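Colleague: First the structure, which I've put down as structure tokens, then a few questions once you've had a look.
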Amino acid sequence: MSVTIERTSDGIAVLTFSAPPVNLYSLELHEELDRALDEVEADPPRALLVRAEGRVVSGGVDVAQFHARKTQADTQALYDRMLELPNRIEALDVPTFFAAHALTLTWAFEVALACDIVLASEKAKFGLVERVIGLTPTMGGTQRLAGRAGVGRAKELVFTGELYDAATLERWNVVNRVLAVDGFDDAVLEIVRQVAVGPTRAFGAAKQILRHFEAGGVPEANAHTTRIAAGLFATDDLQGGMESFLRDGPGKATFTGR
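The numbering used here runs 51 ahead of the 1-based position in the sequence shown.
Shown next, in the form of structure tokens:
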């Protein structure tokens, strides 16, 4: 089992998890993911890419860890712990990406939904299959699906427990882009790189505004937009971006993320 962070020269942090043979969720894997996220938070990148090694992204969870809980209170404590992972990723103020190269079930799908952008290969399939053990998703996948695709689609995925291909979920606004299997990793990095070289603080501000929108719609977002945008005033990227625009025209600015 391993979770690694590799950083590219253009400011991307690539978080790769591996728990052979099929990357099941366990508390031990969660602890490794926490350590990696500690590193990300201590030295924020300009973008975070979450990906998996192996023939699948994940085959689901280690059901034995669920079954070992003997009381409702202990069970809720486990679920509370599990929910911390996607919530932590969602709270990051840098652009976050999830790369799904193959089958992506339960916890991994829920983590993907907590990222800003979901990139999938043509052969990827997704599912919330908790119904097979009599459970409902516990890591925010139901509500995050509803936010992307609507309540009806969220109910469909959870109730049926079926697998959905990347093209279908792209059509439903769950997956952002479907990419060819050949060259998938390189194509993903190119998309992340295009964002990573942009004005990172401004993207963080957009995420803050959208959190207010998710909490209370347009009126709630409007109540905070000007304060959040004005907070960018002293950033190097805004001041330098305006100077570059006036001097050289649009699209010529170089951003540093500061």
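Every residue gets a Cβ at the ideal spot worked out from N, C-alpha and C, and that includes glycine. These numbers come from a predicted model, not from an experiment.
#1: For ASP61 and PHE296, what's the separation of their Cα atoms in angstroms?
#2: Out of curiosity, what's the CA-to-CA distance linking ASP298 and ALA98?
#3: Taking the continuous alpha helix (DSSP H) assigned at ALA159, which residues delimit it?
#4: Leaving out five residues on either side along the sequence, give the residues of the same chain with a beta carbon under 8 Å from the beta carbon of ARG132.
#5: Does DSSP put VAL310 in a helix, in a strand, or in coil?
#6: Report the option in THR276, SER172, ILE63 whose CA atom is closest to the CA atom of GLY308.
#7: So, helix, strand or coil for ARG182, using DSSP?
#8: Give a yes or no on whether the C-beta atoms belonging to PHE68 and ALA124 are separated by under 8 Å.
#9: Whether or not the segment 217-226 and the segment 169-185 are in contact is what I'm after, with contact meaning three or more pairs of Cβ atoms, one per stretch, closer than 8 Å; do they touch?
#10: Please name the residue or residues paired with ARG102 in a DSSP beta bridge.
#11: Whose C-alpha, out of GLN116, THR122, ALA70, is nearest the C-alpha of GLY39?
#12: Give a yes or no on contact between the segment 174-193 and the segment 129-147, applying the rule of three or more CB pairs nearer than 8 Å.
#13: Expressed to the nearest angstrom, what Euclidean distance is found between the alpha-carbon atoms of TYR130 and PHE117?
#14: Given a threshold of 16 other Cβ atoms within 10 Å of its Cβ, counted over all protein chains shown, does GLU265 qualify as buried or as exposed?
#15: Where does THR219 fall in DSSP's three states?
#16: List in chain order: all unbroken beta strand (DSSP E) runs of 3+ residues lying wholly within the segment 213-300.
#17: Quick check: the Cα distance between HIS152 and TYR215, rounded to an integer number of angstroms?
#18: State the CB to CB distance for the pair THR286 and ARG262, rounded to an integer number of angstroms; the pair is presumed to be in contact (CB under 8 Å).
#19: For the alpha helix (DSSP H) that PHE149 lies in, which residues bound it at each end?
#20: Helix, strand or coil for ARG97, going by three-state DSSP, please let me know.
#21: As a quick exercise: from GLY282, PHE306, ILE279, pick the residue whose alpha carbon is nearest that of GLY292.
#22: Please determine, among ILE260, THR126, ALA197, GLY268, the residue with the shortest C-alpha to C-alpha distance to ALA281.
#23: To the nearest angstrom, how far is it from the Cα of ILE140 to the Cα of ALA197?
#24: Is it true that the CB of LEU75 sits closer than 8 Å to the CB of VAL54?
Modeller: Quick answer:
#1: Here residue 61 refers to the residue found at position 10 of the sequence shown. Here residue 296 refers to the residue found at position 245 of the sequence shown. If you take the alpha carbons of ASP61 and PHE296, they lie about 23 Å apart.
#2: Within the sequence shown, numbered from 1, the residue matching residue 298 stands at position 247. Within the sequence shown, numbered from 1, the residue matching residue 98 stands at position 47. Here residue 298 is Arg; the residue named in the question, Asp, does not match the sequence. Each residue's alpha carbon lies about 28 Å from the other.
#3: Your numbering for residue 159 matches position 108 in the sequence shown. Run containing ALA159: 157-165, per the alpha helix (DSSP H) assignment.
#4: Walking along the sequence shown from the start, residue 132 turns up at place 81. Within the same chain, ARG132 has close Cβ partners LEU78, HIS81.
#5: Residue 310 lies beyond the range of the chain shown here (52 to 309); nothing can be said about it.
#6: Here residue 308 corresponds to residue number 257 of the sequence shown, with the count starting at 1. Closest option to GLY308, Cα to Cα, is ILE63.
#7: In the sequence shown, the residue the question calls residue 182 occupies position 131. Correct three-state label for ARG182: helix.
#8: For this step, residue 68 is matched to residue 17 along the sequence shown. For this step, residue 124 is matched to residue 73 along the sequence shown. It is not a contact, given that the beta carbons lie outside the stated cut-off.
#9: yes
#10: As a first step, residue 102 is located in the sequence shown; it is residue number 51 there, counting from the start. DSSP output for ARG102 lists THR67 as bridge partner(s).
#11: Any answer about residue 39 is impossible in this case: the structure gives the chain only from 52 up to 309.
#12: yes
#13: Within the sequence shown, the letter at position 79 stands for residue 130. Within the sequence shown, the letter at position 66 stands for residue 117. Cα to Cα, TYR130 sits roughly 9 Å from PHE117.
#14: As a first step, residue 265 must be located in the sequence shown, where it is residue number 214. Burial call: exposed.
#15: Within the sequence shown, the letter at position 168 stands for residue 219. Three-state DSSP puts THR219 in a helix.
#16: 228-230
#17: On the sequence shown, residue 152 is found 101 positions in, with the first residue counted as 1. On the sequence shown, residue 215 is found 164 positions in, with the first residue counted as 1. Cα to Cα, HIS152 sits roughly 14 Å from TYR215.
#18: By 1-based counting over the sequence shown, the position of residue 286 is 235. By 1-based counting over the sequence shown, the position of residue 262 is 211. About 20 Å; that fails the 8 Å criterion.
#19: Taking the first residue of the sequence shown as position 1, residue 149 is located at position 98. No alpha helix (DSSP H) holds PHE149; the beta strand (DSSP E) holding it covers 147-151.
#20: Mapped onto the sequence shown, residue 97 falls at position 46. Of the three classes helix, strand and coil, the one that applies to ARG97 here is coil, per DSSP.
#21: Within the sequence shown, residue 292 is the residue found at index 241, counting from 1. That would be PHE306, whose Cα lies nearest to the Cα of GLY292.
#22: Walking along the sequence shown from the start, residue 281 turns up at place 230. It is ILE260.
#23: Indexing the sequence shown from 1 puts residue 140 at position 89. Indexing the sequence shown from 1 puts residue 197 at position 146. For ILE140 and ALA197, the distance between alpha carbons rounds to 18 Å.
#24: Here residue 54 refers to the residue found at position 3 when the sequence shown is read from its first residue. Here residue 75 refers to the residue found at position 24 when the sequence shown is read from its first residue. Going by C-beta atoms, VAL54 is not nearer than 8 Å to LEU75.
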